[in-house]
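Trainee: Here's a structure for you.
Number of protein chains: 2
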Amino acid sequence: MLSPHSPRQNQLLAALPAAAYERLLPELQIAPLALGWPVYEDGDPLDKVYFPTTGVISLLHVMKDGAPAEIALVGNDGVVGIAVFMGGSNTPRKAVVQNAGHAYALKSDVLRDEFRLGGPFQHLVLRYIQALITQMTQTAVCNRLHSLEQQLSRWLLLSLDRLPSNTLQMTQKLIADMLGVGPEGAMEGLEKLQRAGLIEYARGRVVVPDRQKLEAHVCECYAVVKTEFDRLLPH
Amino acid sequence: MLSPHSPRQNQLLAALPAAAYERLLPELQIAPLALGWPVYEDGDPLDKVYFPTTGVISLLHVMKDGAPAEIALVGNDGVVGIAVFMGGSNTPRKAVVQNAGHAYALKSDVLRDEFRLGGPFQHLVLRYIQALITQMTQTAVCNRLHSLEQQLSRWLLLSLDRLPSNTLQMTQKLIADMLGVGPEGAMEGLEKLQRAGLIEYARGRVVVPDRQKLEAHVCECYAVVKTEFDRLLPH
DNA sequence: GCCGCACTGTGCGATACCGAACAGACCGCC
DNA sequence: GGCGGTCTGTTCGGTATCGCACAGTGCGGC
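Protein chains in written order, with this note's numbering: chain A, 36 to 270; chain B, 36 to 270.
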């Protein structure tokens, strides 16, 4: 498919006033996001940042023993590589493509310069970071207080929000890694949702026939995150 | 005790170059942090931010049913109210004094103006926020992957890092709330650490006789957070 | 001094979750 | 077409944690 990609498909870039956008446009390079591609590994230098237009990138932490757990999801609502703005030149975390698509890449120093202008771009990015912080903290709280089934529901909805269809192409192992459990744990959660008629799952494919039913079933953490994104970020 | 308080006891303020410090100094007002004082409630307008010099403030999230869980700890290493920099004028989270002490309060708009200058203060605060993000994400990961006992150990060490003594004055209920468990859960964790000879607990008092022994027992999450703070923030 | 109340410590049954082991399905390579 | 490896789905027992119920303790108000 020869899709008409545009940087404006990314909400942060879309919200930029013309002047700033014109400055960045020549530097933006489209980059394919292949499923499973590790955008950043632990400790990598951050030479580029990525503004997804389609597809989803997961921010996660990998323990020394190899056990992973997801921290946040980034889609066309945000940008991957925020540490660039913050003064760290590398990332202590990992970012991996969780759902294939495309992104616009930008050299870190170009972006850092734009950020330091202190204009609307900085303003926008800071608001995004605050929304991202909410997502992270809510992940922490949800991990602590809620059942696996609820966390899975939240995660499915957050993923769906960043994708055009109601079908998620994802293996059992991917889900397990994101939730920070074994394959059996993921399976158990999927089964429960399946039995409740909220999803249809088969071999690496999750279909959510009725979003609203799933939203009614999820814990409040999902709404907290969504509300905060809506509040802080323009559409 | 008539202690000689100085804003420089806060590491962020201490790291400011003279020019910026002189600008802020006349605006800083000392504020006592009484144990349990809710610095911010959910949704409060952020009219002031607080730079602790002594004492510890907990950032936490309270669910609709009242169940709380801690997200991060702030001591003299940081500042409470970062949403001010980010563009949100209120906070979706709660902040409460977890260990009594003092802080310097500053009007939000003064701080926002200083931040917008884009100088060393902005630079410093952004690095702090990145460190804080690490603490939050590590809380998320630890909540997901590690045992209550390990989380308690991590939390005790993070608290100790922000206090001068090796004794923590804290009730069972406070610990339970921070960890997001019931009183029995907190008790169980304390007992285990006690049996292992790592702490001495009695009626609202936790003594850590040998930090190193506790550090050897804690999960890697503690070191990740500490390393990141050391890397990003000057001493 | 008396009493109420919030905090502290204990016990136990129910359950969600973990961990390892195993069988079947799909895919690529030869 | 045969073969091996990876991914998928299932089973089962052990265990950490939860949820609830109850007794002891200290501190306040009256």
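Think of the CB as a built atom: it goes at the ideal place given N, C-alpha and C, for glycine as much as any other residue.
Roughly how many angstroms separate the alpha carbons of N45/B and P244/A, rounded to a whole number?
Mentor: Each residue's alpha carbon lies about 53 angstroms from the other.
Trainee: Thinking T174/A and I106/A are a contact (beta carbons under 8 angstroms), I'd like their distance in whole angstroms, please.
Mentor: Contact flag correct, Cβ pair sits at about 6 angstroms.
Trainee: With a Cβ-Cβ cutoff of 8 angstroms, do V84/A and V119/A count as a contact?
Mentor: Taking 8 angstroms as the Cβ cut-off, V84/A and V119/A qualify as a contacting pair.
Trainee: What residues of chain B sit near Q46/A, judged by a beta carbon separation below 9 angstroms?
Mentor: Those do not exist, as Q46/A stays about 15 angstroms from chain B at its closest Cβ, beyond 9 angstroms.
Trainee: Alpha carbon to alpha carbon, what distance is there between L108/B and G136/B?
Mentor: Each residue's alpha carbon lies about 14 angstroms from the other.
Trainee: On the three-state DSSP scale, how would you describe S23/A?
Mentor: Nothing can be reported for residue 23/A: it is not among the residues displayed for chain A, which extend from 36 to 270.
Trainee: If you reduce the DSSP assignment to three classes, tell me which class R162/B lands in.
Mentor: Correct three-state label for R162/B: helix.
Trainee: Measure how close the beta-carbons of L195/A and G224/A come, nearest whole angstrom, since I'm counting them as under 8 angstroms.
Mentor: Not confirmed; about 16 angstroms, so no contact.
Trainee: Name the residue from A69/B, G232/B, T169/B, A66/B whose alpha carbon lies nearest to the alpha carbon of C256/B.
Mentor: For C256/B, the nearest C-alpha among the options comes from T169/B.
Trainee: Give me whichever residues DSSP pairs with P73/A in a beta bridge.
Mentor: DSSP lists V131/A as partners of P73/A.
Trainee: Using DSSP with H/G/I as helix, E/B as strand and the rest coil, what is H96/A?
Mentor: Of the three classes helix, strand and coil, the one that applies to H96/A here is strand, per DSSP.
Trainee: Just mark E184/B as buried or exposed, buried being the case when its beta carbon has 16 or more other beta carbons within 10 Å.
Mentor: Label assigned to E184/B: buried.
Trainee: By alpha-carbon positions, which one of A55/A, L48/A, L267/A, P269/A ends up nearest to E149/A?
Mentor: When each option's Cα is compared against that of E149/A, the closest is A55/A.
Trainee: Alpha carbon to alpha carbon, what distance is there between L152/B and P34/B?
Mentor: Residue coverage of chain B in this structure runs from 36 to 270, which leaves residue 34/B outside it and unanswerable.
Trainee: In the DSSP assignment, the alpha helix (DSSP H) including L68/B goes from what residue to what residue?
Mentor: No alpha helix (DSSP H) contains L68/B, which is instead part of the beta strand (DSSP E) from 64-68.
Trainee: Who are the neighbours of M222/B on chain A, taking C-beta pairs under 7 angstroms?
Mentor: Within chain A, no residue comes near M222/B; the closest Cβ sits about 18 angstroms away, beyond 7 angstroms.
Trainee: Given that F120/A touches chain B, what residues does it touch there, using C-beta distances under 8 angstroms?
Mentor: Result: L161.
Trainee: Looking at chain B, is there any beta carbon in it that lies within less than 8 angstroms of the beta carbon of M213/A?
Mentor: Taking Cβ atoms only, chain B never reaches closer than 8 angstroms to M213/A, which makes this a no.
Trainee: Measuring CA to CA, which of M213/B, F156/B, L193/B, G232/B is closest to T262/B?
Mentor: Selected option, being the one with the closest Cα: L193/B.
Trainee: According to the neighbour-count rule (16 or more other Cβ atoms, all chains shown, within 10 Å of its Cβ), is Q204/A buried or exposed?
Mentor: Result: exposed.
Trainee: Would R179/B pass as an interface residue toward chain A - the criterion being a Cβ-Cβ separation below 8 angstroms?
Mentor: At least one chain A Cβ lies under 8 angstroms of R179/B.
Trainee: Compute the Euclidean distance between the alpha carbons of K248/B and C254/B, then round it to the nearest angstrom.
Mentor: Distance between the alpha carbons of K248/B and C254/B: 12 angstroms.
Trainee: Would you say A231/B faces chain A, with C-beta separation under 8 angstroms as the test?
Mentor: It does not: the Cβ of A231/B has no partner Cβ on chain A nearer than 8 angstroms.
Trainee: Along the stretch 143-160 of chain A, what residues have a CB closer than 9 angstroms to any CB found in chain B?
Mentor: Within the stretch 143-160 of chain A, the residues whose Cβ lies closer than 9 angstroms to some Cβ of chain B are R151, L152, G153, Q157, H158, L159, listed in chain order.
Trainee: In the DSSP assignment, the beta strand (DSSP E) including L141/B goes from what residue to what residue?
Mentor: Looking at the DSSP string, the run of the beta strand (DSSP E) that includes L141/B is 136-142.
Trainee: By a C-beta neighbour count over all protein chains shown, 10 Å radius and 16 as the cutoff for buried, is D82/B buried or exposed?
Mentor: With fewer than 16 Cβ atoms within 10 Å of its Cβ, D82/B is classed as exposed.
Trainee: Who are the neighbours of Q123/A on chain B, taking C-beta pairs under 8 angstroms?
Mentor: According to the sequence shown, residue 123/A is Gly rather than Gln. Going along chain B in sequence order, the residues near G123/A (Cβ under 8 angstroms) are R162, Q165, R266, L267.
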